[in-house]
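Numbering of the sequence shown is given in UniProt numbering, commencing with residue 1 and proceeding in unit increments.
Where a beta carbon is used, it is the ideal one built from N, C-alpha and C, also for glycine.
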Amino acid sequence: MARTSYMPLPQRESRRSEDNTSFALPHHENLSTSSLHFLSRRVRTTAATLHGVLAPSFLHRSPRNARPADIQASRVPSSTLSTDWLDGLRGVASFVVFLFHHAVWSHPSIRWGYGAKEGATSFFHLPIVCLILHGRSMVAVFFVISGYALSFSTLQSIHKKDHDKLFTRLSSSVFRRAIRLYLPSVVSASFHYMAQRFGIKQRKEHVSTFTSDTTDFLVEITSRLSPFSWTAVPIEAFYNEHLWTIPVEFRNSLVLFVTLLGLSRTKCSVRMLTITGLFFYCLVERQWDTALFMAGIVLAEANILQERYGERAFIMGDDVEKGRVEFAISPKTIQVAVNAGLRIRYLALLYVDA
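Following this line, the structure appears as structure tokens:
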């Protein structure tokens, strides 16, 4: 019997060739499918990058399959934390306030949201967009930053249970706070006084003499910088009218120090729930400025807990330190938190405008 002159292909290769033949697509369909896949991957990558940049770090979702050993390895001492990034945030907020002060003279309706007043219908009145020129929102940001920065080192001492250092820091902060706030303010107002004396800036219907100018300057400074006025509404003034936030800062700084001192020996859960309750109570009482300082304390506490115990650490009491309680924030929880934050901001702005 004669042998065949051909070599049969292996079964696997022949099956692969049949599959390629039966499922082969035209060249243009392959290109379109590849392009769609590439665009879909780019969109997902861009969305993930934007989420990582825009979302707060404590809202980043942790992998559910993370092992306790990985969580333990991700913990870092709170002493390595820094608040230097707040300087950049202050710079951005200051730039927005600068734009607001220059835009409000020619466009006074910029103070209001879209449709709130007659003429408030331009592009810069739209939600989110209005933040570019809305100085009052940046004042709220400044108050949250102050609450965060003033409570950060104190909360670190509380977590370390170093009460001696805690009391030292609190006493030093209380002593230095008035000097740090009021001394630059008086110097700034003095430049306006000197401008009036040299005729650079004059008050309408006012006879400028040394006695009258000096008396008006001292009366205005002492009354406007008084921390006992308990108002957070800008008032008209001649000697640097933008100093209305200084007594508000000083008053709420003292409230913050007393709050931290009273809660320094409580559990983390009790402290967080109490400060959150004070936040809502201040909103009900229309003390929006104090509420923002309380919000700063909560953010500082959350940041310290996240950095010390990992992104999956829960914030309730001693279970954090023992590593028994963990959680991962779902997208629905993030959506609820964002919606609640927007509503709280709306209420705060209503109190400001009122």
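Which class does residue i belong to by DSSP, given the choice of helix, strand or coil?
i	result
Pro127	coil
Tyr281	helix
His107	coil
Gln196	helix
Thr276	helix
Val207	coil
Ile132	helix
Gly113	coil
Phe167	helix
Trp230	coil
Leu263	coil
Asn303	helix
Ile158	helix
Arg286	coil
Ser122	coil
Ala237	coil
Leu225	coil
Phe293	helix
Considering Cα atoms alone, identify which of the options is closest to residue i.
i	options	result
Thr276	Arg224, Phe191, Leu299	Leu299
Gly135	Ala93, Ile246, Arg308	Ala93
Val258	His101, Val139, Ala48, Arg169	Arg169
Cys268	Gly262, Leu243, Glu301	Glu301
Val141	Leu273, Arg41, Arg265, Leu292	Leu292
Met294	Cys130, Cys282, Leu133, His102	Cys282
Val174	Glu249, Arg203, Cys130	Glu249
Thr214	Ser226, Phe238, Ser229	Phe238
Thr211	Arg197, Val43, Met272, Pro184	Arg197
Val186	Asn240, Met272, Leu89	Asn240
Asp162	Arg265, Arg308, Gln306, Arg44	Arg265
Phe95	Met138, Cys130, Thr83, Pro108	Met138
Thr274	Phe167, His125, Leu260, Gly91	Leu260
Leu166	Phe228, Gly262, His101, Phe124	Gly262
Asp289	Trp244, Arg308, Thr209	Trp244
Ile145	Leu183, Trp85, Ala120	Trp85
request  = Check whether the region 177 to 196 touches the region 151 to 158, counting contact only when three or more Cβ pairs, one atom from each stretch, lie closer than 8 Å.
outcome  = no
message = Using 8 Å as the cut-off, can you tell me whether the region 143 to 155 makes contact with the region 243 to 258, which would need three or more C-beta pairs spanning the two stretches below that distance?
response = Yes: the two stretches touch, three or more of their Cβ pairs being nearer than 8 Å.
query = Would the region 203 to 220 and the region 113 to 123 be scored as touching if the rule is three or more Cβ pairs under 8 Å?
reply = no
ask   = Taking the runs of the alpha helix (DSSP H) that are 4 residues or longer, which of them lie wholly in the region 82 to 106?
value = 85 to 103
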